[in-house]
Structure formats: C-alpha cells, structure tokens
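Notes follow once the structure below has been shown.
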Amino acid sequence: MFSAILKFFDKLEDKVRVRLSHRSIVYALIGGASTVLFWCGVWHTGDILMQKGGIWGVIFYEPFTIVWTGIILLVTGLFVSNFIGERIVISGLKKEKKVTDRTEEEVVKEDNKIISLNAKINAIAKDVADLRDELANK
C-alpha cells in the first residue's frame, strides 16, 4: 500500500514538474513560496520545542542549533549544495551558462549529443567484445 501511494505521488510530481518547467516564473513563485512556508513551519516548531524547556530548550537554543545543524550539513555534504548548488559550481568551473540561462533548444541539443555519444560508446564496446571473442577463438 505504501509503495502504491509513493508511486502515485512520484508520477504526479513528474507530471507537475513537466508542466511547470515551461512556465519558469510561475514555477519559481510556487516553489519559492512553498519553500519559505515549509521552513517557517520548521522554524516555529523549533521555537515551540525550545519553549518547552528542559533538553528541548537546550537542543533548540539558537546558538546550539547553528552548531549541530552546521555539523550535520557539513558531514552529509549538503552545506555547499544547499547554499550554492553543485550545478552552479560545475557550470562556473566549466565556464558554461547557468542552466536557467540556457534555452530549451540548447538543452535538447545537449541531450541529443549525449545520446549520440552513448551510442558511439556502445558501438565501441561491441567492437571490443567482438575482438576479444575473435582473439579467444584463435
């Protein structure tokens, strides 16, 4: 049952993402507002737990929260990707346009090039396997 629910929401997410990707400003507004409201809920939950006092008050005391969440973000490798984003870092290193600055045509062209390169790699792999078989039979 859980997997059916998960599958439903996965397909729903795919459909919504495809539709919204063609309307980037609307997508950004929905995503931005939802993200802010989500973190607002997390923030207020932390405040409620801190006000309870005791161990919760210590754990969610703001200076301690910065320390333990910072450690968790660093250990999991999410610190840089959350605050900068690996796509931005990679595009900067490669001196490419940001993904948001690329046109749909450029993205499709790059995808086609990747498909073409994969086909060439598969052909080379087949040739190598054929040569290996030929050498093994001699």
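Using this note's numbering, count along the sequence shown one by one with no gaps and you end on 129. C-beta: ideal position from N, C-alpha, C; glycine also. Here the structure is a predicted model, which means the values were calculated and not measured.
Alpha carbon to alpha carbon, how far is residue j from residue i? Give it in angstroms, no decimals.
i: Gly44; j: Thr36; result: 13 Å
i: Lys6; j: Ser72; result: 25 Å
i: Leu40; j: Tyr18; result: 33 Å
i: Leu64; j: Ala127; result: 52 Å
i: Gly22; j: Gln42; result: 30 Å
i: Arg8; j: Asp124; result: 46 Å
i: Thr67; j: Asp121; result: 44 Å
i: Glu97; j: Asp38; result: 46 Å
i: Lys86; j: Leu108; result: 22 Å
i: Phe55; j: Val49; result: 7 Å
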